[in-house]
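Going by this note's numbering, the first residue of the sequence shown is number 133, and it counts up by one from there.
No residue lacks a Cβ here, since even glycine has one placed at the ideal position from N, Cα and C.
No experiment lies behind these values; they were computed from the predicted model shown.
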Amino acid sequence: MRIATYNVEWMNALFDDDGRPLTDDQWSARHKITRAQQLEALGVVFTAFDADAVLIVEAPDQNRRRDAVVALESFARAFDLRQRRAAIGFANQTEQEIALLYDPDRLSVRHDPLGDITGGKGNGVAPRFDSTFRIDLDIDATLDQVTFSKPPLELAVETPDGMRFRMIGVHVKSKAPHGARNPADIMRISIANRRKQLAQCIWLRARIAEHLAAGDPLIVLGDFNDGPGLDEYERLFGRSGLEIVAGQGEPPEGRLFDPHARLVPEVQSSARPPATARFYNEAEKNFKSALIDFIMISPDLMARRPAWRIWHPFDDPKIYVVPELRDALLAASDHFPVTLDIELEGSARPAAGV
C-alpha cells in the first residue's frame, strides 16, 4: 500500500465556488503558471505516484460557500484518479485545509478526533485539536493559550481485510518571519513563531504518546515547517519541533520513525542533503531547498517493510529522465510529494476510537 503527503501550493485558487476546476489561462497563485497549467501538472503528478491515500496540505477551502470535499473529488474525476474520495476534519480560516484523498476500494476512512474540548483550562491531557492547549511558552510562570490555525486531521482508517490504524495529518505553524522590516524584527518574529511552533509540536506529541501507550498503529504525516538542522534557532531552544514530535530521547517504543528525520550527521557532511521543498529567494535571486515534509510511523509498523521516497525532480534519477513528470513536479507546487510503501494488509489489534 502507498501513503503520500503532498503540500499543493494554494490549491484553493484552482477551483470556483462550486468546486469546479478552473482550467483556463488565468494566472494561478504560483508565479507565472496558469491555473490550467498547474491543474494539468497536478494531474500528471497524482497519476504518477498513484497512492492509495494522499494527505493534501493546503487543500481547497472549506466554508459556507466552498466545499473542499466537492473540489477534491471533482479534481479526481477530471483526471480519472483512483483516489476519488476525500475526507476533511476541522475547517480553518486560512484557505489552506488539511484533507485526505483516497481510494475507497483500498481504505475506509473516518474523521475521528480525540480529546476533550477545553475552555482554556488545562487538565493534564491533550485536548482536542480544535480546542485550546495551555503551556508556559516564555518561562514566566504564566500559562499561555495555544491554538492551531490549522487543526491536525485525525483519521481512523481500515483496510478491507481488517487492518486498522490511525493517521494524523499536520501542517505545523511556519517559523518564517513574515512582515519583518529589519534584522531586529526578523529575530523577534522568528523567536515568537518558534515558540508557537514548538507548542503545537508539544501538543501533537502528547496525542502521539497516548496512541503509542495504547499500542495503536500510527502514521503521522504532513508539512512540519521544520527539519534536521533547519535553522539556528534550534540551538537556542534545544530541540526542533520535529524532534519533539518524533520522540527524540524516548525509549524505542515511544518514538516515531522516518529515515529523513534523522539525517543530521549526513546533513553536516553532505553538500546536498535531501529536500522536499524548493522556494525562490527574492533577495538572493535563487532557489532554497528545505526538508520539511515527513511520513513518520510507529515502531510496530517498522516490521511491515516500509520504504520512503521523496519525489524530487532533480534528486531522484528515475524522475529526472522523465521530462513530463519532472516538469510537472516543478509546475505543480513548491513542495514535492513524499510517499511511503508499506504492507498494511493483515490483522491487527483495533486502534483507539475505531
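Boundaries of the alpha helix (DSSP H) around VAL201: 200-210.
DSSP places THR291 outside both helix and strand once states are collapsed to three, so it counts as coil. When the five nearest sequence neighbours on each side are left out, the beta carbons in the same chain lying within less than 6 Å of the beta carbon of ALA210 are those of PRO153, in order along the chain.
Counting the other CB atoms within 10 Å of its CB gives HIS444 a total of 16 or more, which places it among the buried residues. Apart from sequence neighbours up to five positions away, the residues of its chain that approach ASN144 with a beta-carbon distance below 6 Å are PRO192, ASP193, GLU227, ordered along the chain.
An exposed status is given to GLY294, since fewer than 16 other beta-carbon atoms sit within 10 Å of its beta-carbon. The beta carbons of ARG339 and ILE300 sit closer together than 9 Å. Leaving aside the five residues that flank PHE261 on each side, the residues in its chain whose CB is nearer than 6 Å to its CB run, in chain order, PHE280, PRO283, PRO284. Under the DSSP assignment, LYS450 falls in the alpha helix (DSSP H) whose first and last residues are 449-452. Of the candidates ASP448, GLY386, ARG197, GLY386 places its Cα closest to the Cα of ASP432. According to the DSSP assignment, ASP276 belongs to the beta strand (DSSP E) that extends over 276-278. Beyond the five residues adjoining it in sequence on each side, ARG214 comes within less than 7 Å, by CB distance, of ASP235 in the same chain, given in chain order. Residue pairing from DSSP places LYS420 in a beta bridge opposite PHE411. Secondary structure at LEU350: strand, using DSSP grouped into helix, strand and coil. Taking ARG238 as reference, the option from ALA185, LEU350, ALA200, ASP248 with the minimal CA-CA separation is ALA185.
By the criterion of a C-beta distance shorter than 6 Å, ALA180 is surrounded in its chain by LEU457, once the five residues flanking it on both sides are discounted. Under a 10 Å Cβ-count criterion, ALA460 is classified as buried, with 16 or more other Cβ atoms of the shown protein chains found around its own Cβ. Assignment of beta-bridge partners to ILE340 by DSSP yields no partner. The alpha carbon of PHE411 has as its nearest neighbour, out of HIS163, HIS343, GLY247, the alpha carbon of HIS163.
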